[in-house]
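To convert, note that position 40 of the sequence shown is 52 in our numbering; the numbers rise steadily by one, no gaps.
All C-beta atoms in this analysis are idealised placements derived from N, C-alpha and C, irrespective of residue type, glycine included.
What you are looking at is a predicted structure, and each value in this text was computed from that prediction instead of being measured.
Before any comments, here is the structure.
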Amino acid sequence: MAKGGRKRGRAAAGRAAEAAGFCLRAGPGVVGPFLVAYGLWLAWAPLGFVVLGAFLLLADRRMP
């Protein structure tokens, strides 16, 4: 493999590692509310939709 190919490979591996780290840090904060809403939807469908909407509104307010 040429030196240029190694550089590109290392750069791609670095970007993949950064993306994996971001997913591990952000994952619970993103997946958790959806799982809560899904559990409430299983108990009573309208309640799941109401809670998911509330989570989405809260997330929207937190965005800069």
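Going by beta carbons, Val63 and Leu52 fall inside the 7 Å limit. In this structure, Gly39 and Ala49 do not form a Cβ contact; the two beta carbons are roughly 16 Å apart against a cut-off of 8 Å. Assigned with DSSP and collapsed to three states, Trp56 falls in coil, not helix or strand.
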